[in-house]
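According to the working numbering, the sequence shown is numbered sequentially starting from 261.
Cβ atoms here follow ideal geometry from the backbone N, Cα and C, with glycine treated the same way.
Working notes, beginning with the structure itself.
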Amino acid sequence: MQFLSVCAESAGQRLDNYLIRELKGVPKSHIQRIIRSGEVRLNKKRCKGTDRIAANDQIRLPPIRVASSHTSEPTLAIPAQEFAIVYEDDVLLVINKPSGIAVHGGSGISFGVIEQLRRARPKARYLELVHRLDKDTSGLLMIAKKRSALVKLHESIRQNHPHKVYLALAVGIWPEKVRQVKCPLLKYTGAQGEKMVRIASNPQEGQRAHTQFRVLQHYAGDRLHAVGIKALTLMEATLKTGRTHQIRVHMQSQLCPIAGDERYGDYQINRRLHKIGLKRMFLHAAELTLAHPVSGDILQLTAPLPDELQQFLHHLSVVSGQSSQQS
Numbered sequence: 261m262q263f264l265s266v267c268a269e270s271a272g273q274r275l276d277n278y279l280i281r282e283l284k285g286v287p288k289s290h291i292q293r294i295i296r297s298g299e300v301r302l303n304k305k306r307c308k309g310t311d312r313i314a315a316n317d318q319i320r321l322p323p324i325r326v327a328s329s330h331t332s333e334p335t336l337a338i339p340a341q342e343f344a345i346v347y348e349d350d351v352l353l354v355i356n357k358p359s360g361i362a363v364h365g366g367s368g369i370s371f372g373v374i375e376q377l378r379r380a381r382p383k384a385r386y387l388e389l390v391h392r393l394d395k396d397t398s399g400l401l402m403i404a405k406k407r408s409a410l411v412k413l414h415e416s417i418r419q420n421h422p423h424k425v426y427l428a429l430a431v432g433i434w435p436e437k438v439r440q441v442k443c444p445l446l447k448y449t450g451a452q453g454e455k456m457v458r459i460a461s462n463p464q465e466g467q468r469a470h471t472q473f474r475v476l477q478h479y480a481g482d483r484l485h486a487v488g489i490k491a492l493t494l495m496e497a498t499l500k501t502g503r504t505h506q507i508r509v510h511m512q513s514q515l516c517p518i519a520g521d522e523r524y525g526d527y528q529i530n531r532r533l534h535k536i537g538l539k540r541m542f543l544h545a546a547e548l549t550l551a552h553p554v555s556g557d558i559l560q561l562t563a564p565l566p567d568e569l570q571q572f573l574h575h576l577s578v579v580s581g582q583s584s585q586q587s
């Protein structure tokens, strides 16, 4: 048997989430099983994974084998990785996440940003994602360095307080009259088992979702026409709610999917865009305004458009006289 004593920083977490973090290398399914079977005791009593733990709680665990050296699948080592820091203090870290890197492991992905950061900072007692970005989305990502900060930021997110602005490139001409989309969203599983989102046909079934849009620039010209694309529109998308794939599905609903979006975009158009230099989805978390979780001071953070997206736009022809739209 082994015993864990809960520190004040971990107080308030669900028991199962706490054990998943503490017992690195132990499958989540195994942790859930030993809790259900009664082999885990919280202060000498049977417990549930959903129970909240408090400072100085005592957790009794059965003998656990962390990993087998005889597995046929070699375990991939998690590489230590730091990322471009936009803001950091004792309780909060904000990085500029590159495209192509998941924020965490799971669903066939061995590791993500948070696992790499933990490996790069072995002395850090606490590093947890405050929110998520899609794997192919770049930009501002918040990580809490103390649980108290995480709780405060999650409370703020529930009240839709952090002001998040994204830059997205739409295929086609964005409808001039569409300044906001409020279509509710419904999650479902795709044909390959992937997580998908669509506009809910019955508003009562979907989650409320609201995105504000503003046109920044129209692009056309010979370079696009040569691959059969009439126009692209650079958009500013401001989240009023934070649902999974919200911007991607709301733009798709206006028949202007995000350029390079392999899940909700147009496959043939994406192939053509790839030929003229767009190698990724054009979605970037560019601005973040929030109250600091401890001081309450307003933080206004920005991440410039990545070089590869800047270069792609640089080689397109701007349509004059259509560079802005007031929201």
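Original post:
Can you tell me whether DSSP reads histidine 237 as helix, strand or coil?
Top reply: A question about residue 237 goes unanswered here, because the residues of the chain that appear run from 261 up to 587.
**OP:** Please name the residue, chosen from Arg281, Leu275 and Leu550, that lies closest to asparagine 420 on a Cα-to-Cα basis.
**Re:** Per the Cα distances, Leu550.
**OP:** Output the boundary residues of the alpha helix (DSSP H) element that contains arginine 458.
**Re:** Arginine 458 -> not in any alpha helix (DSSP H); beta strand (DSSP E) instead, spanning 455-459.
**OP:** Within the same chain, show all residues whose beta-carbon is closer than 8 Å to that of glutamate 375, passing over the 5 residues directly before and after it, in chain order.
**Re:** Within the same chain, glutamate 375 has close Cβ partners Ile338, His364 and Gly365.
**OP:** Report the three-state DSSP secondary structure of histidine 290 (helix, strand or coil).
**Re:** Three-state result, histidine 290: helix.
**OP:** Check whether the Cβ atoms of alanine 588 and serine 398 lie closer than 9 Å to each other.
**Re:** In the structure as shown, the chain begins at 261 and stops at 587. Residue 588 is therefore absent and cannot be evaluated.
Original post:
Helix or strand or just coil, what does DSSP make of arginine 523?
Top reply: Arginine 523 falls in the coil class under three-state DSSP.
Subject >> histidine 552 beta carbon less than 9 Å from that of arginine 483 >> reply: Against a cut-off of 9 Å, the Cβ pair of histidine 552 and arginine 483 comes out as no contact.
**OP:** Could you pull out every residue in the same chain whose Cβ sits closer than 6 Å to the Cβ of glycine 537, ignoring the five residues on either side in sequence?
**Re:** Once the five neighbours on either side are set aside, the close Cβ partners of glycine 537 are Phe572.
Subject >> Nearest residue (CA-CA) to leucine 389, options Ala430, Met541, Asn530 and Arg281 >> reply: Of the candidates Ala430, Met541, Asn530 and Arg281, the one whose C-alpha sits nearest the C-alpha of leucine 389 is Arg281.
**OP:** Tell me glutamate 399's beta-bridge partners as DSSP assigns them.
**Re:** Contrary to the premise, residue 399 reads as glycine rather than glutamate in this sequence. Partner(s): Lys357 and Ala545.
Original post:
Would a C-beta distance cut-off of 9 Å place leucine 352 and leucine 413 closer than the cut-off?
Top reply: In contact: leucine 352 and leucine 413 (Cβ atoms closer than 9 Å).
Original post:
Who does threonine 493 pair with in a DSSP beta bridge?
Top reply: Bridge partners of threonine 493: Ala430 and His478.
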